[in-house]
Every structure is written in structure tokens, then in C-alpha cells.
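Student: Take a look at the following structure, please.
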Amino acid sequence: MNNSNQKRNEKPPILQRDVPPVPSHHFGPPPFFAPPHHFAPPLPMTREGFNEMKFMMILMLLSDNPNGITGYKIQKRFQIPRGNLLRTLDELVEKKYLTTSESVVEGRVNKFFIITKRGKKYLGKLKKKWVTRFSMMTEMGPPSPEALKTIIIEKIKEFESKDDAVDFFRGIRSWMKNILQHINLKVRKITRAKSDLDIIIEKVEKMGNLNKNEIIEMVTDSLKKFEEEGIDKNEK
Numbered sequence: 003m004n005n006s007n008q009k010r011n012e013k014p015p016i017l018q019r020d021v022p023p024v025p026s027h028h029f030g031p032p033p034f035f036a037p038p039h040h041f042a043p044p045l046p047m048t049r050e051g052f053n054e055m056k057f058m059m060i061l062m063l064l065s066d067n068p069n070g071i072t073g074y075k076i077q078k079r080f081q082i083p084r085g086n087l088l089r090t091l092d093e094l095v096e097k098k099y100l101t102t103s104e105s106v107v108e109g110r111v112n113k114f115f116i117i118t119k120r121g122k123k124y125l126g127k128l129k130k131k132w133v134t135r136f137s138m139m140t141e142m143g144p145p146s147p148e149a150l151k152t153i154i155i156e157k158i159k160e161f162e163s164k165d166d167a168v169d170f171f172r173g174i175r176s177w178m179k180n181i182l183q184h185i186n187l188k189v190r191k192i193t194r195a196k197s198d199l200d201i202i203i204e205k206v207e208k209m210g211n212l213n214k215n216e217i218i219e220m221v222t223d224s225l226k227k228f229e230e231e232g233i234d235k236n237e238k
């Protein structure tokens, strides 16, 4: 068999998408499973899109840690293979989205990655582009059981090793966890909003005369608390 026939008969490799899982911010991944790899976002997109998602999630973490964070902690947070993570961080440094500093902690030199002003500006652009897309698609909810079955079976057919299967089902588990976090966050926000509305209604009913400024102040305060509801203080 000549080389051209061999190439036609070769199976295309499974794309190993080196993109960390979506962090627990105010959005979750949409209901679609990527080829087996638990670092892949469950959304069909271009390689450029994968890189943008990867950059955004790392920059979001560093934005919450303005004094910097080590590569080890980033790896622990996202569970990205060390070699892939270091290449990504080097690329972000080269693009001047990150800078680095070193300090000695318990006799060991630690390298800290710090987001720059340029990095914050780039993060803003990425958020504007991707967060809205994820939020809108998350509202769609998971696919129907029959659609889910079809998706999973098709992906299983692509497995080439036990690791492919483990990675794929880890991806499903991570997706479900993120959806659950997103739902729980919404429940907390709606519960808080309902409680605030009860208070606002009671205060308005007790007003001698309509006081629009006071009502606006109450609503503004309530909305501020609504936006802050999802912030995890332990993540900062």
C-alpha cells in the first residue's frame, strides 16, 4: 500500500484541547460536550476560541489576586498539565498581559505571575465577548435525555484508550458541577431579592407620602447586594 492510501485510512487523532474548566464565576459552560479531555470547554469552537477561553480564565484568577500567584497554585486551581500551563503563562508574559516577580518563601524561590494593566484591558475584552455567550447558552439548560445519550455514545466511539474515557466523564462531572453552582447562585440571588422586595413593599406601605428618592435608594442598595451575592470572599 502506498503512502497516499495509508494516509487516507489513518484515523484522525482525537483533539486534546488544552483549556482549563470554567471557574466558578457568574456563568457556567453551555450544554455540549467536547471531544474527550477534561480541560476542554463543552462548546465547539476554533483553536483561537480555545486559547481565548484559556487566557480569560487564568487572567480572571490573577485579577482576583493582584499581588500575584504562583504557577503551582494556578495549576492546582485548574488542574492543567504543568508543561501546558507554563507554555501558556510564558505566552501571556510575552504578550505583556502578565509580568513576573520572585520572592523567597521558607528558603525557596517562588515565581509569582501578576496581571498587568494591558492584561486587565485584554481581560475586559474577553469577558465582553465570552461571558455573555456562556450566560445565554447556560440558560438553555442541559440537552434532553435522548440528545444527551446520542452525544455521549458518539463521543464514546471516539475513545482510543481508558484515559480518554476517564477524561471525558470527568468533563461531564465538571460540567454538571458548574451548572449546579450556577443554579445555586441564582437561587441565593432570587431569595435575597425576594426578601428585599418584601422590605421595600412594607416601607412603601408605611410612607405618609410617596418618596421616590427613598424608593430609588432602597432599590439601588438591593441591586448592589444582588450583584455582590456571587462573590466568594475566600477566592480573593
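Going by our numbering, the letters in the sequence shown line up with residues 3 to 238, in that order. In this text, a Cβ means the ideal position worked out from N, Cα and C, and glycines have one as well.
1) Exposed or buried, which one is residue 126 when buried takes at least 16 other CB atoms within 10 Å?
2) Since residue 87 contacts residue 77 with CB under 8 Å, what's their CB separation in whole angstroms?
3) In three-state terms, what does DSSP make of residue 65?
4) DSSP on residue 104, reduced to helix/strand/coil?
5) I need the straight-line Cα distance from residue 218 to residue 121, nearest angstrom please.
6) Contact between the stretch 170-186 and the stretch 203-210: three or more CB pairs below 8 Å?
7) Using only the heavy atoms of the ligand SAH, determine whether one of them is closer than 6 Å to the beta carbon of residue 71.
8) Considering just the uninterrupted stretch of the beta strand (DSSP E) at residue 112, what are its terminal residues?
9) Across which residues does DSSP place residue 218 in a beta bridge pair?
10) For the putative contact between residue 82 and residue 101, defined by C-beta atoms under 8 Å, what is the C-beta separation to the nearest angstrom?
11) Between residue 159 and residue 172, what straight-line distance do the alpha-carbon atoms span, to the nearest angstrom?
12) Look at the alpha carbon of residue 201 and the alpha carbon of residue 185, and state the distance between them as a whole number of angstroms.
13) Do residue 51 and residue 114 have their CB atoms nearer than 7 Å?
14) Closest by CA to residue 75, which one among 170, 112, 95, 55?
15) Between the C-alpha atoms of residue 119 and residue 213, what's the straight-line distance to the nearest angstrom?
16) Please tell me whether residue 188 and residue 228 are closer than 7 Å, where the distance is taken between their beta carbons.
17) Would you call the CB atoms of residue 170 and residue 151 closer than 7 Å?
18) Taking Cβ to Cβ, would you say residue 216 is nearer than 7 Å to residue 128?
Tutor: Considering the structure as presented:
1) Looking at its Cβ environment, which holds fewer than 16 other Cβ atoms inside 10 Å, residue 126 is exposed.
2) Sure, about 5 Å apart at Cβ, within 8 Å.
3) Helix at residue 65.
4) In the structure shown, the three-state DSSP call for residue 104 is strand.
5) Those two C-alpha atoms are separated by around 36 Å.
6) Contact fails: fewer than three Cβ-Cβ distances are below 8 Å.
7) As presented, the structure is devoid of all ligands, the ligand SAH included, so that no description of it is given.
8) According to the DSSP assignment, residue 112 belongs to the beta strand (DSSP E) that extends over 110-117.
9) In the DSSP output, where bridge partners are listed per residue, residue 218 has none listed.
10) That pair is no contact at about 20 Å.
11) Straight-line Cα distance between these residues: approximately 17 Å.
12) Each residue's Cα considered, the two are about 25 Å apart.
13) It is not a contact, given that the beta carbons lie outside the stated cut-off.
14) For the residues 170, 112, 95, 55, the minimum Cα distance to residue 75 belongs to 112.
15) For residue 119 and residue 213, the distance between alpha carbons rounds to 43 Å.
16) It is not a contact, given that the beta carbons lie outside the stated cut-off.
17) Not closer than 7 Å, so no.
18) Not closer than 7 Å, so no.
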